[in-house]
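Worksheet: one structure, shown below.
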Amino acid sequence: MTCDESEILLHALIDDELDAGNTRAVEEHVAGCPRCAAQLQSYRAMSKMIAGADLRYRAPLGLRQRIEASLPQPTQAPSRRAVLRGFAMGSAVSAIAATGLVAIVLRSDDEARIQSEVVSAHLRSLQAGHLTDVISTDQHTVKPWFNGKLDVAPPVVDLTAQGFTLIGGRLDYVDARPIGAIVYRRRAHVINLFVAQTASTERRAAKIETLQGFNIRRWSERGLNYWAVSDLAADELAEFGEKFEAAMRSGTTG
Amino acid sequence: MPVKAANDDPEKARRFRDAALPYLDDAYTLARYLLRDATDAEDAVQECYLRALKHFDTYRGPAMKPWLFAILRNVCRAEFARRASSPTAPIDDVPEEAEQTPLWHDAPQTPEAQMLHQWDSTTIHRLVAALAEPFRETFVLREIHDLSYREIADVVGAPVGTVMSRLARARAMLRSAWMAEEELPK
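This is the structure:
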């Protein structure tokens, strides 16, 4: 690799955007080139200082209010139309009742609603100060915190070594019931892992879906439903789920 | 269904609010760096949210933040065009060939091993804001908004390779300015 190439690629190295082969190539070049090594060090130092500086703006309150005002206002109670739609649905349901189809239709309907609630809970958690009720990188602190707050003990797994930092836990509400949320971080991306009890003990393989731009990895195991929600790319979220399931199987929960 | 009725749908508005409003500070921050004017930035962000709501029905991803940013960037470019047509306002877009100049022409005498001074946020902010476009845009998307190269490429509508060279150049320019700041009389 030449210095010209390295000058571009060392930034990708700093940003963690290189694949294994290019990472090795840049590192090899830098190891043998004092000039590029000094540059890399200097740019790393600069990026760190920039990351530590407060360079963000807060939107003025007036702007927020103007945007809020321009949106159609939400109705508190279900609108007349929604109620009527409910009746229409009801008669359609009785028309095909007892065919077995109903249960399936409602179940996937439920599923979609809960999924949308899980995403809303994830979004709420991202607002300042809402992310964690208990802040700890120690699974033996996070897990006992849930005791007595929920009717299940959500498994808390430390995945720091696998690149997903445990940052805490939170009590949230989904489907009008309290639900445990375990919070992880990957670079600047937050992952909320929601855990709820389910009546069925059958294992359901993981499925990744996208809702409002968030990826959701959903699976069930040993009587618990899991939803991992994040703005991480789907493959990284899949990696998170796999690491979590692997850790569960090897029994390293706190 | 008439368009108006679709935009009046409270359920859609609720989903849009939940999905897009958490990024208001991000959008405003980007607009401030792109336009370097508080009032213009507010107008641009408001216009961006109006357009985003209009297109929310067809939104299927990518992640919400880059999607909003791509819309915001278009709004800001329209503002650039307006400024360019007004005789008093300066434009700071660099000509095409500036992007082609090899990196090492920037600061041939920059000592590689010199330790960088730890500036305060105000100084760093001023140095970043002084970067020329399109380098400032790429730099801000990466360093302040933590977008991946792929996401930046989608937002600015350029190949990933262009993003990489712009970012390298932005950092080289910033580093030169960073060091030059020490030479200034206090």
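One line per chain: the protein sequences are A and B, in this order.
Numbered according to my numbering, the first sequence spans residues 131 to 384.
Numbered according to my numbering, the second sequence spans residues 264 to 449.
Backbone N, C-alpha and C define an ideal beta-carbon position, used for all residues, glycine too.
Predicted, not measured: the structure shown is a model, and the values here were computed from it.
For Ser-360 of chain A, the enclosing beta strand (DSSP E) has its first and last residue at 354-360. In the same chain as Ala-282 of chain B, and ignoring 5 residues on each side of it, the C-beta atoms closer than 6 Å to its own belong to Met-327, in chain order. Closer than 8 Å at the C-beta level to chain B, one finds these residues of the segment 173-185 of chain A: Tyr-173, Ala-175, Met-176, Ser-177, Met-179, Ile-180, Ala-181, Ala-183, Asp-184 and Leu-185. Counted as a single uninterrupted DSSP element, the beta strand (DSSP E) harbouring Ile-312 of chain A occupies residues 307-316. Of all alpha-carbon atoms in B:Cys-311, B:Leu-297, B:Asp-306 and B:Lys-275, the one lying nearest the alpha-carbon of Ala-393 of chain B is that of B:Leu-297.
Assigned with DSSP and collapsed to three states, Lys-275 of chain B falls in helix.
The three-state secondary structure of Thr-340 of chain A, taken from DSSP, is strand. If you look at Ala-326 of chain A, you'll find it in the beta strand (DSSP E) that goes 319-327. DSSP lists A:Glu-339 and A:Val-359 as the bridge partner or partners of Ile-346 of chain A. Within the segment 397-416 of chain B, the residues whose Cβ lies closer than 8 Å to any Cβ of chain A are, in chain order, Arg-405, Glu-406, Ile-407, Asp-409, Ser-411 and Tyr-412. With contacts defined as CB atoms closer than 7 Å, Glu-445 of chain B and His-380 of chain B qualify as a contacting pair. Thr-302 of chain B is outside the set of residues whose beta carbon lies under 7 Å from a beta carbon in chain A. Where Leu-191 of chain A is concerned, the enclosing alpha helix (DSSP H) starts and stops at 191-200. The beta carbons of Asp-288 of chain B and Arg-317 of chain A sit no closer together than 7 Å.
Nearest CB-CB separation between Asp-146 of chain A and chain B: not below the 7 Å threshold. DSSP, read as helix, strand or coil, puts Thr-401 of chain B in helix. Just measuring C-alpha positions, the residue of A:Ile-138, A:Gln-342 and A:Ile-180 sitting nearest His-318 of chain B is A:Gln-342.
The beta carbon of Val-282 of chain A sits closer than 6 Å to the beta carbons of Gln-327 from its chain, once the five residues preceding and following it are set aside; these are given in chain order. Secondary structure at Phe-343 of chain B: helix, using DSSP grouped into helix, strand and coil. Interface residue (Cβ-Cβ distance to chain B less than 7 Å): Gln-245 of chain A is not classified as such. Listed along chain B are Leu-366, Met-427, Ser-428 and Ala-431, each with a C-beta nearer than 8 Å to that of Ile-138 of chain A. The Cβ atoms of Val-338 of chain B and Ala-290 of chain B do not sit closer than 7 Å to each other. Residue nearest to Asp-365 of chain A within the set A:Arg-379, A:Phe-344 and A:Glu-351 is A:Phe-344 (criterion: CA-CA distance).
The beta carbons of Ile-407 of chain B and Leu-185 of chain A sit closer together than 7 Å. Each residue's CA atom was taken as its position, placing Thr-401 of chain B and Arg-429 of chain B some 7 Å apart. For Arg-299 of chain B, the secondary structure class from DSSP, reduced to helix, strand or coil, is coil. Under the DSSP assignment, Gly-298 of chain A falls in the beta strand (DSSP E) whose first and last residues are 295-304.
Residues Tyr-291, Ala-294, Arg-295 and Leu-298 of the same chain have their beta carbon placed closer than 7 Å to that of Ala-304 of chain B, with the five preceding and five following residues left out of the count. The segment 161-169 of chain A and the segment 374-382 of chain A do not touch, with fewer than 3 CB-CB distances between them shorter than 8 Å.
For Val-313 of chain A against Leu-261 of chain A, the beta-carbon gap comes to about 6 Å, under 8 Å, which counts as contact. Here the alpha carbon of Leu-362 of chain A sits roughly 8 Å from the alpha carbon of Val-320 of chain A.
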